[in-house]
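Engineer:
There are 4 protein chains.
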Amino acid sequence: MARPRDDDKKRAILIAAIRLFADEGLGASTASIARAANVADGTLFRYFPTKDHLLNELYSELKLSLRARLAPVSHDTSLREQLRSAWDVYIDWGFTEPAAHQVTARLSVSTRISARTRADAAEAFSDVNSRLKAAVANGPLRRHPTAFAGALFAAMADTTLAFIIDTPAERETLTADGFAAFWSAIGRGNSNVEMPRNSQQEKDCIS
Amino acid sequence: MARPRDDDKKRAILIAAIRLFADEGLGASTASIARAANVADGTLFRYFPTKDHLLNELYSELKLSLRARLAPVSHDTSLREQLRSAWDVYIDWGFTEPAAHQVTARLSVSTRISARTRADAAEAFSDVNSRLKAAVANGPLRRHPTAFAGALFAAMADTTLAFIIDTPAERETLTADGFAAFWSAIGRGNSNVEMPRNSQQEKDCIS
Amino acid sequence: MARPRDDDKKRAILIAAIRLFADEGLGASTASIARAANVADGTLFRYFPTKDHLLNELYSELKLSLRARLAPVSHDTSLREQLRSAWDVYIDWGFTEPAAHQVTARLSVSTRISARTRADAAEAFSDVNSRLKAAVANGPLRRHPTAFAGALFAAMADTTLAFIIDTPAERETLTADGFAAFWSAIGRGNSNVEMPRNSQQEKDCIS
Amino acid sequence: MARPRDDDKKRAILIAAIRLFADEGLGASTASIARAANVADGTLFRYFPTKDHLLNELYSELKLSLRARLAPVSHDTSLREQLRSAWDVYIDWGFTEPAAHQVTARLSVSTRISARTRADAAEAFSDVNSRLKAAVANGPLRRHPTAFAGALFAAMADTTLAFIIDTPAERETLTADGFAAFWSAIGRGNSNVEMPRNSQQEKDCIS
DNA sequence: AATGAATGAGCCTTCATTCAT
DNA sequence: AATGAATGAAGGCTCATTCAT
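Protein chains in written order, with the numbering used here: chain Y, 1 to 207; chain Z, 208 to 414; chain A, 415 to 621; chain D, 622 to 828.
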């Protein structure tokens, strides 16, 4: 299939798909998506040869859009601050685009997303992983792949998000406390890093 | 008297449904499930008037089967040991019955499980929640509903499970370290309980 | 099939069938009829080997129940009075048992009632027909089979009934005027019979 | 531009439906209709979203096709001639298109035709009704809604038709005598019009 | 004889995909 | 390239009928 040029159309389809998959589940028909995108039934298939292609591409797109929000790795801030920033970005994404977040969750557990697609998406987060790698170094997870900490990050952020959506008034405290929980989870030694007071206390003791 | 209603048949359908939903997603056809259960197409509908009923009942059943594995609350053991036991049970359930676990995960995010079904299932875990409530009391999550800690428990155990299934050789370490992460996540004061060294340090300071 | 003896049960099924066929059309399921008759699904088929048998037997039964209401032919009353009586009976039947009447109408146009059943039912009205035969003798229908007048009788009574059910307050006038229309329809000379005034008028003229 | 919507196809489906509903009753499957119309199963549902829609539209179509045969109201002919013409048209319709007529009869008593559809169809015959209104003015039906005479017209024509189909050789006499019966049924004064002898008799009296 | 569980053909409808225009 | 009509496989569900108890 000669790659059709109208990129807006593709975008429209993807956006419509998010809304419909969020509202009706992944079973939403291609026809309904096409209609919502103001596009003919058949046109959808010029951009996505198959519904599975649409699903996979949407998954990638969604992951990428999240990824795009993440600040580039900076060396001016502490590890904790960098991860906290990523955490906030993630929460914010899920909060401001609940449909996107929900569809991502559904696609994540779907049979129809290929291993390849998953792997590609994971790779996009490699730099976040490198931060995690450092953060995990002294903690109880140090002997396991960094991806473990990464998965924990996502799982805990998702959980936090679900409660924020349920109780928006608690957004700030949930975000902060959720991150605190995550930070505690992955590192022991890290706590020292973030709390120089401890060493100070020790000093105090000494004195 | 007519042929008595065969309860094994219902069981067979449920079991077949687990396998097929795990293999093909929740879209697996009722016909394929019936076939796998060695039952006629129509028979399935004598036990579950609707596919949605099957889905909901399966969800309840799965949650209950997990719940049944959990030891009753004991007062002889520490909070940490009790939660660790629940953690191990959860991991073991997911490891020995991966299909059941995966289907539970899919049902959990499905549109087709009613709020009622979810609520009923949640209620079955109320005693685990009471343990969590105590565990959370001094931690950073203390100001949030206990359900938050509960959700974190499940999310982190699921994540751990995924890595165990990927690397069965690391089952024991992953289980232990995953739990350590969880335990750290929910409690600050708790860590004192498991790490008397801290108080010793304090003593040292004093001296 | 050894004829089962419990005749009440058969009756119950037939009665339930009338209600359900009236409420839901002839598509009402045998199971729903059995339930309404307080009888097991399979029991129905001991009395009626087939749904078509039930349909046909119900048709016969309904026609017979109507027939049973008709007064036996009397020689004390005029032709007009006899037919008027039959007319009233028919209207009354339809009015007091609308379900029975409606189901009869539906069965009458159904593919599933055999020619044999129809013929048998028609035969039951042979004596009414003999009355009609006489009434028709001098009218415009005299050259056609009496069944024609009979069919007209039923068709016109049904029509009248429909309007009575719609406007019960007009029951009496509709009944009378409907019959007047019928009587006019089938006979010319008959009108003399019902209006002795005419001859009187003639006499008056003479005088 | 996509393939234009083929209106012949809709027509073909409607025609096939008439045949099949006539042959097998309204229970004939949409699949069999589609096949008979040389159209794919799914195509039928592009034209009729539901079997009920098909049923209702068919009913309207059938009534309209009958209506189309009726001559426009003329003022050159007597009331009797106008109604006789309508009668003949009706009979002819039923005789030349027995399937259409039969299906109309079945649809008329079906639960699946909406009140709306019925009302719309009835309205199409308003001008016939206005003729009937005049014809009824002096007869025994004068105190009832014109629709009563209209229903009688249809009922009596249907009955006549049934006998014509049974004995085609008598078509002409049945048509004429059936109408005579109808004409007598609805009007008393009308009979004067067709039988000047009466007034002559009166004159005779006077003399 | 009565029961009601079991059956499987069949029904209406949906939908991803193709293809004539 | 875009359209949307057409397709037919498949899905969920119903139901008359059979048959073990």
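Yeah, the Cβ is synthetic: ideal placement off N, Cα and C, and Gly gets one too.
Output, in chain order, the set of chain Y residues within a Cβ distance shorter than 8 Å of Z:A358.
Structural biologist: Within the second sequence, the letter at position 151 stands for residue 358 of chain Z. Under the 8 Å cutoff, chain Y gives T159, A162 and F163.
Engineer: Should D:E702 be labelled buried (16 or more other beta-carbon atoms within 10 Å of its own) or exposed?
Structural biologist: Indexing the fourth sequence from 1 puts residue 702 of chain D at position 81. By the 10 Å Cβ count, D:E702 comes out exposed.
Engineer: For Y:A147, tell me which candidate among Z:A369, Z:L251 and Z:R323 has the shortest Cα-Cα distance.
Structural biologist: Here residue 147 of chain Y refers to the residue found at position 147 when the first sequence is read from its first residue. Answer by Cα proximity: Z:A369.
Engineer: Pick helix, strand or coil for Y:E97, following the three-state DSSP scheme.
Structural biologist: Translated into positions along the first sequence, residue 97 of chain Y becomes position 97. Looking at Y:E97 - three-state DSSP - the assignment turns out to be coil, as it is neither helix nor strand.
Engineer: Give, in chain order, every residue of the stretch 498 to 519 of chain A whose Cβ lies closer than 7 Å to some Cβ of chain D.
Structural biologist: A519
Engineer: Mark A:L478 as exposed unless 16 or more other C-beta atoms lie within 10 angstroms of its C-beta, in which case mark it buried.
Structural biologist: By 1-based counting over the third sequence, the position of residue 478 of chain A is 64. Exposed.
Engineer: How about D:S731 and D:L647: are their beta carbons less than 9 Å apart?
Structural biologist: As a working note, residue 731 of chain D is residue 110 in the fourth sequence. As a working note, residue 647 of chain D is residue 26 in the fourth sequence. In this structure, D:L647 lies closer than 9 Å to D:S731 by Cβ.
Engineer: Work out the CA separation of Z:R349 and Y:T167 for me, nearest whole Å.
Structural biologist: The residue you call residue 167 of chain Y lines up with position 167 of the first sequence. The residue you call residue 349 of chain Z lines up with position 142 of the second sequence. Rounded to whole angstroms, Y:T167 to Z:R349 spans 16 Å at the Cα level.
Engineer: Of all the CB atoms in chain Y, is at least one closer than 9 Å to the CB of Z:E268?
Structural biologist: In the second sequence, counting from the first residue as 1, residue 268 of chain Z sits at position 61. It does not: the Cβ of Z:E268 has no partner Cβ on chain Y nearer than 9 Å.
Engineer: Check the Cβ of Y:R143 against every Cβ in chain Z and list those closer than 8 Å, keeping chain order.
Structural biologist: Locating residue 143 of chain Y in the first sequence gives position 143, where the first residue counts as 1. Ordered by position in chain Z, the residues that pass the 8 Å Cβ test against Y:R143 are T380 and D384.
Engineer: Step through the CB atoms of chain D and report whether any lies within less than 9 Å of the CB of A:Q614.
Structural biologist: For the purposes of this step, residue 614 of chain A is identified with residue 200 of the third sequence, where counting begins at 1. Bear in mind that the predicted position of A:Q614 carries a pLDDT of just 37, short of 50, making it unreliable; the figure below should be weighed with that in mind. No, because no Cβ of chain D sits closer than 9 Å to the Cβ of A:Q614.
Engineer: If you follow the alpha helix (DSSP H) that Y:V136 is part of, which residue opens it and which one closes it?
Structural biologist: Translated into the one-based positions of the first sequence, residue 136 of chain Y becomes position 136. Going by DSSP, Y:V136 is part of the alpha helix (DSSP H) stretching over S126 to V136.
Engineer: Throw me the rounded Cβ distance for the A:T444 and A:K465 pair, which I believe falls under 8 Å.
Structural biologist: The residue labelled residue 444 of chain A in the question sits at position 30 within the third sequence. The residue labelled residue 465 of chain A in the question sits at position 51 within the third sequence. A:T444 to A:K465, Cβ: 6 Å. Contact.
Engineer: What three-state label does DSSP hand Z:T374 in the structure shown?
Structural biologist: Within the second sequence, the letter at position 167 stands for residue 374 of chain Z. If DSSP states are grouped into helix, strand and coil, Z:T374 belongs with coil.
Engineer: Give the single residue among A:G508, A:L480 and A:R433 whose Cα lies nearest to the Cα of A:A451.
Structural biologist: The residue given as residue 451 of chain A occupies position 37 in the third sequence. Considering only alpha carbons, the answer is A:R433.
Engineer: Just mark A:E586 as buried or exposed, buried being the case when its beta carbon has 16 or more other beta carbons within 10 Å.
Structural biologist: Stepping through the third sequence from its first residue, residue 586 of chain A is reached at position 172. Per the 10 Å Cβ criterion, exposed.
Engineer: Answer yes or no: do Y:Y47 and Y:I15 have a C-beta to C-beta separation smaller than 9 Å?
Structural biologist: For the purposes of this step, residue 47 of chain Y is taken as residue 47 along the first sequence, with counting starting at 1. For the purposes of this step, residue 15 of chain Y is taken as residue 15 along the first sequence, with counting starting at 1. For Y:Y47 and Y:I15, no; Cβs fall outside 9 Å.
Engineer: Excluding the 5 residues flanking Z:A229 on each side, which residues of the same chain have their C-beta closer than 6 Å to its C-beta?
Structural biologist: Residue 229 of chain Z sits at position 22 when you count from the first residue of the second sequence. Within the same chain, Z:A229 has close Cβ partners A306, Q309 and V310.
Engineer: Would A:P582 count as contacting chain D if we go by Cβ distances under 9 Å?
Structural biologist: Numbered from its first residue, the third sequence carries residue 582 of chain A at position 168. For A:P582, not one C-beta of chain D is nearer than 9 Å to its own C-beta.
Engineer: For Y:T67, tell me which candidate among Y:V128, Y:V136 and Y:A134 has the shortest Cα-Cα distance.
Structural biologist: For the purposes of this step, residue 67 of chain Y is identified with residue 67 of the first sequence, where counting begins at 1. Sequence check: residue 67 of chain Y is Arg here, not Thr. Of Y:V128, Y:V136 and Y:A134, the residue nearest in Cα terms is Y:V128.
Engineer: When you compare only the Cα positions, how much space is there between D:A726 and A:S446?
Structural biologist: Position 105 of the fourth sequence, counted from the first residue, corresponds to residue 726 of chain D. Position 32 of the third sequence, counted from the first residue, corresponds to residue 446 of chain A. Their backbone Cα atoms lie some 27 Å apart in a straight line.
Engineer: Taking 9 Å as the threshold (C-beta atoms), are Z:S292 and Z:A278 in contact?
Structural biologist: Along the second sequence, read from residue 1 onward, the residue named residue 278 of chain Z stands at position 71. Along the second sequence, read from residue 1 onward, the residue named residue 292 of chain Z stands at position 85. It is a contact, given that the beta carbons lie within the stated cut-off.
Engineer: Y:F125 and Y:M156: beta carbons closer than 9 Å?
Structural biologist: To locate residue 125 of chain Y, count along the first sequence from 1; it is residue 125. To locate residue 156 of chain Y, count along the first sequence from 1; it is residue 156. Taking 9 Å as the Cβ cut-off, Y:F125 and Y:M156 do not qualify as a contacting pair.
Engineer: Rounding to the nearest angstrom, what Cα-Cα distance links Y:N192 and Z:A329 in this structure?
Structural biologist: If you number the first sequence from 1, residue 192 of chain Y lands on position 192. If you number the second sequence from 1, residue 329 of chain Z lands on position 122. Residue placement at Y:N192 is flagged as unreliable, the pLDDT there being 37, under the threshold of 50; a coordinate-derived value is accordingly withheld.
Engineer: From the beta carbon of A:V542, is the nearest beta carbon of chain D less than 9 Å away?
Structural biologist: Here residue 542 of chain A refers to the residue found at position 128 of the third sequence. No, A:V542 does not count as interfacial toward chain D.
Engineer: From which residue to which residue does the alpha helix (DSSP H) around D:N677 run?
Structural biologist: Here residue 677 of chain D refers to the residue found at position 56 of the fourth sequence. Start and end: K672 to R690.
Engineer: For A:V550, is the classification buried or exposed, using 16 other Cβ atoms within 10 angstroms of its Cβ as the cut-off for buried?
Structural biologist: Numbered from its first residue, the third sequence carries residue 550 of chain A at position 136. Looking at its Cβ environment, which holds 16 or more other Cβ atoms inside 10 Å, A:V550 is buried.
Engineer: For a cutoff of 9 Å on Cβ pairs, would you count D:G663 as touching chain A?
Structural biologist: On the fourth sequence, position 42 is the one that residue 663 of chain D refers to. Not closer than 9 Å to any Cβ of chain A, the Cβ of D:G663 fails to qualify, so no.
Engineer: For a cutoff of 9 Å on Cβ pairs, would you count D:S805 as touching chain A?
Structural biologist: Here residue 805 of chain D refers to the residue found at position 184 of the fourth sequence. So, interface residue.
Engineer: Between the alpha carbons of D:P766 and A:A590, how many angstroms are there, rounded?
Structural biologist: Taking the fourth sequence and counting its residues from 1, the one referred to as residue 766 of chain D is at position 145. Taking the third sequence and counting its residues from 1, the one referred to as residue 590 of chain A is at position 176. So the alpha carbons of these two residues sit roughly 15 Å apart.
Engineer: Using a C-beta to C-beta distance shorter than 7 Å, which residues of chain D count as neighbours of A:P554?
Structural biologist: On the third sequence, position 140 is the one that residue 554 of chain A refers to. Here the neighbours are D798, A801 and A802.
Engineer: Tell me where the alpha helix (DSSP H) around D:R656 begins and ends.
Structural biologist: Along the fourth sequence, one-based indexing puts residue 656 of chain D at 35. Looking at the DSSP string, the run of the alpha helix (DSSP H) that includes D:R656 is T651 to A657.
Engineer: When the distance is taken between beta carbons, is Z:G394 closer than 9 Å to Z:W294?
Structural biologist: Taking the second sequence and counting its residues from 1, one reaches residue 294 of chain Z at position 87. Taking the second sequence and counting its residues from 1, one reaches residue 394 of chain Z at position 187. When the beta-carbon positions are compared, Z:W294 and Z:G394 stay at least 9 Å from each other.
Engineer: Please name the residue in A:P554, A:E471 and A:R483 whose C-alpha comes closest to that of A:R530.
Structural biologist: What you label residue 530 of chain A is simply residue 116 of the third sequence in a count that begins at 1. For A:R530, the closest alpha carbon among the candidates A:P554, A:E471 and A:R483 is that of A:E471.
Engineer: So which residues on chain A does D:E645 lean against when the C-beta distance must stay under 7 Å?
Structural biologist: Position 24 of the fourth sequence, counted from the start, is the residue given in the question as residue 645 of chain D. Residues of chain A passing the Cβ test: T525.
Engineer: By Cβ distance below 6 Å, which residues in the same chain neighbour A:H467 in space, the five residues on each side in sequence not counted?
Structural biologist: Counting from 1 along the third sequence, the entry for residue 467 of chain A is found at position 53. Result list for A:H467: empty, nothing under 6 Å.
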